[in-house]
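Q:
Number of protein chains: 4
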Amino acid sequence: MAFSVAVAGASGYAGGELLRLLAAHPEFEVRTVTAHSNAGQRLIDAQPHLRSLAGLTLVDTTAETLAGHDVVFLALPHGASGALTAGLPPETLVVDCGADHRLESEAAWAAFYGGDYYGAWAYGVPELPVPGGQQRTRLVGARRIAAPGCNASTVALALAPGIRSGVIEPEDLVAVLAVGPSGAGKSLRLPNLAAEILGSANPYAVGGLHRHIPEIQQSLAWAGAANPTISFTPVIVPMSRGILCTATARIVPGTSDADVRAAWQSAYADEPFVHLLPEGRFPRTNDVLGANTALIGLAIDHAVGRVITVTAVDNLAKGTAGAAIQSANIALGLPETLGLSTNGVAP
Amino acid sequence: MAFSVAVAGASGYAGGELLRLLAAHPEFEVRTVTAHSNAGQRLIDAQPHLRSLAGLTLVDTTAETLAGHDVVFLALPHGASGALTAGLPPETLVVDCGADHRLESEAAWAAFYGGDYYGAWAYGVPELPVPGGQQRTRLVGARRIAAPGCNASTVALALAPGIRSGVIEPEDLVAVLAVGPSGAGKSLRLPNLAAEILGSANPYAVGGLHRHIPEIQQSLAWAGAANPTISFTPVIVPMSRGILCTATARIVPGTSDADVRAAWQSAYADEPFVHLLPEGRFPRTNDVLGANTALIGLAIDHAVGRVITVTAVDNLAKGTAGAAIQSANIALGLPETLGLSTNGVAP
Amino acid sequence: MAFSVAVAGASGYAGGELLRLLAAHPEFEVRTVTAHSNAGQRLIDAQPHLRSLAGLTLVDTTAETLAGHDVVFLALPHGASGALTAGLPPETLVVDCGADHRLESEAAWAAFYGGDYYGAWAYGVPELPVPGGQQRTRLVGARRIAAPGCNASTVALALAPGIRSGVIEPEDLVAVLAVGPSGAGKSLRLPNLAAEILGSANPYAVGGLHRHIPEIQQSLAWAGAANPTISFTPVIVPMSRGILCTATARIVPGTSDADVRAAWQSAYADEPFVHLLPEGRFPRTNDVLGANTALIGLAIDHAVGRVITVTAVDNLAKGTAGAAIQSANIALGLPETLGLSTNGVAP
Amino acid sequence: MAFSVAVAGASGYAGGELLRLLAAHPEFEVRTVTAHSNAGQRLIDAQPHLRSLAGLTLVDTTAETLAGHDVVFLALPHGASGALTAGLPPETLVVDCGADHRLESEAAWAAFYGGDYYGAWAYGVPELPVPGGQQRTRLVGARRIAAPGCNASTVALALAPGIRSGVIEPEDLVAVLAVGPSGAGKSLRLPNLAAEILGSANPYAVGGLHRHIPEIQQSLAWAGAANPTISFTPVIVPMSRGILCTATARIVPGTSDADVRAAWQSAYADEPFVHLLPEGRFPRTNDVLGANTALIGLAIDHAVGRVITVTAVDNLAKGTAGAAIQSANIALGLPETLGLSTNGVAP
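Chains as they are written, first to last, in UniProt numbering: chain Z, 1 to 347; chain E, 1 to 347; chain X, 1 to 347; chain H, 1 to 347.
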């Protein structure tokens, strides 16, 4: 009855979160977990928090080990999924948590990533708009899905409703994100060391360099922006997970406060996982830790003519693995919320 | 079909964790949430991470508001449950997360807590030994249960197998615990401020003053110790949740390494929530964050003749709310593991 | 030879930092430390990190206890210094670390603080411009100095050079700050608890509500902006100290990259405590922990036509107590850098 | 006038702390900074917090670059200093912050470190006892000094007074330490990543495996213990710096409480950097952050017959670099406290 599942890159942080969520999902059965340097190891040794999957052993990541499953989740470094996926039959649902299939623009791919370009897949943020509808529609029945970049989907969820409804200007957007270091993966580099991050706030990719920028622009273009521009600055702060995104936009002159608020309210009124908080309330990342929820607080600053949105997302959950599973639910015709929690682990 | 549930003290940290776990439990339906100063507030305003319970409103904590439920969980300050509980019918399952009903010794209660003594209830750590068996047996069919102190149950789980099997001496035990500040609750005191705790390790209750000491001794006495003595020192460290307990005991001279290890191995071999890790492996608190799991690593230090156990527990989950629900499952004849996860949220 | 000093509010975080810095200053001798609820206590009990001042005892904060010193530093809640200061002779140097004397606009005071207005004093950020010169000039010989708000001075240092030199537009500025909770003082409120802040990023005063906004506008007006507007959002992150300010402004069309960079380069070239980092480098708050240094990194994002500045400051040091002592050095004719370190405590 | 100084391993954490302290020292002038893989880089790029040394450039670590200085501080990986030092003239003061010259027992060296053994130097913890006196005496005029292991010196300072005075038994000691990850250096290993450490408490080297154990035993033997044994467990907690050591020992039967306390009181009464706190008070690591201070709190637990000491030390300051400079002061005939602060950076 359940769908058989393979997870590639199961020894990493995104792979671990996929497995944590899959273990709680009633319709997915994890049969195969793969890794590269950790192949041969017991999964529990690489992911000691996943007690319920203690019986699994990591095998090498190859087209062969991934074959024969109903669903394959890929949590691999950028550039690794293209060739791997080519060997999988078209009826297999493949959900890629890497960047390889997110961008429709080959030029943007070349400018921010480089290497072979394999084309875009259905984009795994169901709540975002596309011309004439929602990403959700494109995901129904899809067999190739690109899970979003965690920062990119957070910013897009924060700003898309205002663009779609025409209440904010799509140029000169500004977003500054406080992010946890798990987004960088298990990468053994000096800036990722605990002693570098504890007690400190550390910016990176300042000045329009971050690879998620074209992905944000793509989502905002789908929302109706002709040529969206955004200043995007991420700051690493000492929490293992979480994104707190402060994103602002100029309000189109003459728009009433009620219309501004209504844009977000109506966009997410029926969404199970994205919520606009009541006026005067703003989210904390703790509120969504481990959850598939994006919480948005919104303020209007008349003195500057801007709407300020503050959005909290767990980068590994709703930002990556949760989005992947939510999208897989849709693709397979399962209830969209199946196996996903809206409740955070706090404090 | 489901059991109707009330949670008293629902605006605090322990109350919030009870609700988070209850929300994921298929046989419990939370009907009533109570608080004191927050009564009248929407639950979601006090516990913004509990999206799935956003429809609930906090009412005052009284015998009346708690009446008429199948199960009542109390997450109240010490001393508050005695009078409240007196008004509840004996067939209602009452699980108290406070200290009021943990100690069988009125003298110990008077020495460490003081105030009216209301007697001991079934102790909510099923895996611990009692003379001739396990606490689990006492919990079957119980209608009054005392959930454990988080530090106390952690230390007891760490040391009881060695005492029960006679491989360690029950005197001169030493335990030092790294603990997160959520165990102190939402108490507005200077030592609980973030600026006092961030970047620092802060001891408290040094020198045998901690209130969990008699509770530990009681558990170790149940395990067979005539007069257990333990040096117990908690240290607050900058993580919101978690207990990492380093507990050591002298090995009874002449005991083989295999026999030492076998004591813990056999005690927990069939337990779903308490695990002895393989030789050379030790747990981290991240591995059990949000989970109902206690992980134990064990080493034998021949140079000093001691066994060293390192045990990781989430103080709010397996340490409090998870233990409460696990015990309620047993009391009500439900599968013991129902609604409880063994997987931590890491990293 | 040394100047005799009294510190009011010596039991708080700002008071403690003043004392830490004063203890290392060769020309200041702390004679009197005052507090309110802690009066009568030994200083070392309230500030156990200040071993070298262990001989001092806290006395009540009154005009009498503060009288008879060459220099009086006030680290009191807003509104407390006005009446106190009235009783001190005009030749006493009074440096107020509260907000009472920062704003020249009584209307701004009324709008953001309220209560009696006592007028503005010389503003304690020597590096900032004023019409025709620098704040430094106004501080020479001053006997009443208002130390800056930590967030306000950070934002002003980040943006003033661009405004002064005309390379950025002074409207539609955007600043988002990651800040440590020590800025909130020893205030016993729920949002300041460690369990609320650990592992989380928490916004506050979103939407133009923060009290430092008029202070920022005042500094930018001094730099030459007719009517500066700024969207300002602070985010509490889990580090005890530090401000990492990401502040952006639109570049005046037609300005060359070199001219943009030169604005900041020339403004701070001779400053001992404010530094523009080389191109491509950005500061972390760890780099300035405990130091009187502000480090600024600057990037130009052509895609959005904005300059992005990232500025790191220790809120208690350069942001408050260091600024106070630096300003006192100037006022008293001492070397400006005396007793102040440019080196941070990292990692 | 000042002594010329070279620091080898200047790009690491211990090297950085040496430089931070040396920069504030009136009699040391840093002329040369060396590194291995970072050679050729500006020091400020490797240590961006050391603004006052921005003019220095890292050169390769060789006997040649280290030659010609009055004092050479070595902050190198274990095993690297032996050959390097052989080339330095005997009149040069060499202070090694590595382990190479700490152990007098070649057998202990072989058992815990291995590789070539180069013999022991004067041990850089002046406050510790040696037969008939103090380490301080051995440091006077010394030209070869081994700075201590941070954990080892902390435990030794905590327990030596009780052993020296005969009030505690030197066997079956137990020490559990909460330690920050900077002690592991800039080592690019998975357990050192921020995502592994944030929000978690992680034990390591459990069961008598830690390399500092023989160093502790050596110090306790110097204090008079014939055959000291200690169970030693370090736990990494999420603070960048700091050691909080809980060390316990059985009190010799018949000893009065006053005699126990007097042992520590008299040992440290005249020490500038090691302090016994008043009864009922215990230190936090924040209290000593950046300081050359060790603070000790002491409790007697009659129920278990043990003294419990809690000692706070900054692992990089008093634990390593501060001890090195304090010892160098003594060796060179400078005032012992010169350039060293007793005040911590808190909060």
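C-beta: ideal position from N, C-alpha, C; glycine also. Predicted model, so just to flag it, every value in this text is computed and none were measured.
#1: Just the chain Z side, please: which residues come within less than 8 Å of residue 240(X) by C-beta, in chain order?
#2: Would you mind telling me which residues of chain X sit closer than 7 Å to residue 231(Z), beta carbon to beta carbon, in chain order?
#3: Am I right that residue 62(Z) and residue 43(Z) are in contact with their C-beta atoms under 8 Å? What's the rounded C-beta distance?
#4: Within 10 angstroms of its Cβ, does residue 283(Z) collect 16 or more other Cβ (buried), or is it exposed?
#5: If we count the other Cβ atoms within 10 Å of its Cβ and call it buried at 16 or more, is residue 266(X) buried or exposed?
#6: Taking Cβ to Cβ, would you say residue 236(X) is nearer than 7 Å to residue 179(X)?
#7: Please list, in chain order, the residues of the region 173-190 of chain E that have any C-beta partner in chain H closer than 7 Å.
#8: Quick one: complete beta strand (DSSP E) runs, 3+ long, within the region 74-157 of chain Z?
#9: Of the choices 207(E), 224(E), 249(E) and 253(E), whose alpha-carbon is the least far from that of residue 232(E)?
#10: Using beta carbons (cut-off 7 Å, strictly below), is residue 117(H) in contact with chain X?
#11: Classify residue 337(E): buried if its beta carbon has 16 or more other beta carbons within 10 angstroms, exposed otherwise.
#12: Between residue 195(X) and chain Z, is any beta-carbon pair separated by less than 7 Å?
#13: Just to confirm the assignment, what range does the beta strand (DSSP E) spanning residue 342(H) have?
#14: So what does DSSP say about residue 200(Z), is it helix, strand or coil?
#15: Please determine if the region 237-251 of chain Z and the region 196-212 of chain X are in contact, where contact requires at least 3 C-beta pairs separated by less than 8 Å.
#16: Consult DSSP for residue 271(H) and reduce its assignment to one of helix, strand or coil.
#17: When you check each C-beta in the UniProt domain "Semialdehyde dehydrogenase NAD-binding" (4-136) of chain X against every C-beta of chain E, which residues fall closer than 9 Å?
#18: I need the DSSP call for residue 283(E), collapsed to helix, strand or coil.
#19: Considering just the uninterrupted stretch of the alpha helix (DSSP H) at residue 63(H), what are its terminal residues?
#20: Considering only residues of the same chain and omitting the five flanking positions on each side of residue 116(E), which have a CB-CB separation below 7 Å?
#21: Taking residue 217(H) as the reference, which of 190(H), 160(H), 10(H) and 182(H) has the closest Cα?
#22: If I measure Cβ to Cβ from residue 353(Z) and keep anything under 8 Å in the same chain, skipping five residues before and after, which residues do I get?
#23: Kindly indicate which three-state DSSP category residue 301(X) falls into: helix, strand or coil?
#24: Report the CB separation of residue 212(X) from residue 292(X) in whole angstroms; it is logged as a contact under 8 Å.
#25: Please identify the residue among 154(E), 141(E) and 64(E) whose C-alpha is closest to the C-alpha of residue 334(E).
#26: At the level of alpha carbons, what is the spacing between residue 103(X) and residue 214(X)?
#27: Can you tell me the Cα-Cα spacing of residue 71(Z) and residue 121(Z), whole angstroms?
#28: Less than 7 Å between CB atoms is the rule here; does residue 149(H) satisfy it with respect to chain E?
#29: Would you decide whether residue 100(Z) is buried or exposed? Buried here means 16 or more other CB atoms lie within 10 Å of its CB.
#30: Output the distance between the C-alpha atoms of residue 263(X) and residue 164(X), rounded to the nearest integer angstrom.
#31: For residue 287(Z), return the contacting residues in chain E, with the cut-off set at a CB-CB distance below 7 Å.
#32: Check each residue of the region 257-276 of chain Z: if its Cβ is closer than 9 Å to any Cβ of chain X, include it; give the result in chain order.
#33: Starting from the beta carbon of residue 254(Z), find every residue of chain X whose beta carbon is closer than 8 Å, and list them in chain order.
#34: Quick check: residue 88(H) and residue 8(H), are their CB atoms within less than 7 Å of each other?
#35: Since residue 351(E) meets chain Z, which of its residues come closer than 7 Å, beta carbon to beta carbon?
#36: Compute the Euclidean distance between the alpha carbons of residue 170(H) and residue 227(H), then round it to the nearest angstrom.
A: Here's the rundown:
#1: Walking along the third sequence from the start, residue 240(X) turns up at place 240. 199, listed in chain order.
#2: As a working mapping, residue 231(Z) is identified with position 231 in the first sequence. By Cβ distance, chain X contributes 248, 301, 304, 306 and 308.
#3: Along the first sequence, one-based indexing puts residue 62(Z) at 62. Along the first sequence, one-based indexing puts residue 43(Z) at 43. Actually they are not in contact, since the Cβ atoms of residue 62(Z) and residue 43(Z) sit about 17 Å apart, beyond 8 Å.
#4: Taking the first sequence and counting its residues from 1, one reaches residue 283(Z) at position 283. By the neighbour-count criterion, in which a residue is buried when 16 or more other Cβ atoms sit within 10 angstroms of its Cβ, residue 283(Z) is buried.
#5: As a first step, residue 266(X) is located in the third sequence; it is residue number 266 there, counting from the start. Result: exposed.
#6: Taking the first residue of the third sequence as 1, we reach residue 236(X) at position 236. Taking the first residue of the third sequence as 1, we reach residue 179(X) at position 179. Cβ distance < 7 Å, so residue 236(X) and residue 179(X) count as in contact.
#7: 174, 176 and 178
#8: 93-96 and 144-146
#9: Translated into the one-based positions of the second sequence, residue 232(E) becomes position 232. The candidate whose alpha carbon is nearest that of residue 232(E) is 207(E).
#10: Mapped onto the fourth sequence, residue 117(H) falls at position 117. Among the residues facing chain X, residue 117(H) is not included, as its CB has no counterpart in that chain under 7 Å away.
#11: Position 337 of the second sequence, counting from 1, holds the residue named residue 337(E). The residue is exposed, with fewer than 16 neighbouring Cβ atoms inside 10 Å.
#12: Counted from its first residue, the third sequence places residue 195(X) at position 195. Yes, contact with chain Z.
#13: On the fourth sequence, residue 342(H) is found 342 positions in, with the first residue counted as 1. Careful: residue 342(H) lies outside any beta strand (DSSP E) and carries neither H nor E.
#14: By one-based count along the first sequence, residue 200(Z) stands at place 200. Note: residue 200(Z) maps to coil in three-state DSSP.
#15: yes
#16: Taking the first residue of the fourth sequence as position 1, residue 271(H) is located at position 271. Reduced to three states, the DSSP call for residue 271(H) is coil.
#17: Hits within the stretch, in order: 13.
#18: Taking the first residue of the second sequence as 1, we reach residue 283(E) at position 283. Here residue 283(E) sits in coil by DSSP.
#19: As a position in the fourth sequence, residue 63(H) is number 63, starting the count at 1. Per DSSP, residue 63(H) is one residue of the alpha helix (DSSP H) stretching across 63-66.
#20: Along the second sequence, one-based indexing puts residue 116(E) at 116. Around residue 116(E): 82.
#21: The residue you call residue 217(H) lines up with position 217 of the fourth sequence. Answer by Cα proximity: 160(H).
#22: Residue 353(Z) lies beyond the stretch modelled for chain Z, which goes from 1 to 347, so this question has no answer here.
#23: Position 301 of the third sequence, counted from the first residue, corresponds to residue 301(X). Residue 301(X) falls in the strand class under three-state DSSP.
#24: As a working mapping, residue 212(X) is identified with position 212 in the third sequence. As a working mapping, residue 292(X) is identified with position 292 in the third sequence. Rounded, the Cβ-Cβ distance is 20 Å, inconsistent with contact.
#25: The residue you call residue 334(E) lines up with position 334 of the second sequence. Checking every option, the nearest Cα to that of residue 334(E) belongs to 141(E).
#26: Position 103 of the third sequence, counted from the first residue, corresponds to residue 103(X). Position 214 of the third sequence, counted from the first residue, corresponds to residue 214(X). Computed Cα separation, rounded: 8 Å.
#27: Numbered from its first residue, the first sequence carries residue 71(Z) at position 71. Numbered from its first residue, the first sequence carries residue 121(Z) at position 121. Going by the C-alpha atoms only, they are around 15 Å apart.
#28: Within the fourth sequence, the letter at position 149 stands for residue 149(H). No - not a single Cβ of chain E is within 7 Å of the one on residue 149(H).
#29: Numbered from its first residue, the first sequence carries residue 100(Z) at position 100. Buried, because 16 or more other Cβ atoms sit within 10 Å of the Cβ of residue 100(Z).
#30: Counting from 1 along the third sequence, the entry for residue 263(X) is found at position 263. Counting from 1 along the third sequence, the entry for residue 164(X) is found at position 164. Spanning the two alpha carbons is a distance of roughly 8 Å.
#31: For the purposes of this step, residue 287(Z) is identified with residue 287 of the first sequence, where counting begins at 1. Result: 48 and 49.
#32: none
#33: Here residue 254(Z) refers to the residue found at position 254 when the first sequence is read from its first residue. Under the 8 Å cutoff, chain X gives no residues; its nearest Cβ is about 17 Å from residue 254(Z).
#34: Counted from its first residue, the fourth sequence places residue 88(H) at position 88. Counted from its first residue, the fourth sequence places residue 8(H) at position 8. A distance of 7 Å or more separates the beta carbons of residue 88(H) and residue 8(H).
#35: Summary: the structure shown does not reach residue 351(E), with chain E confined to residues 1 through 347, and so no result is reported for it.
#36: Numbered from its first residue, the fourth sequence carries residue 170(H) at position 170. Numbered from its first residue, the fourth sequence carries residue 227(H) at position 227. One C-alpha to the other measures close to 7 Å.
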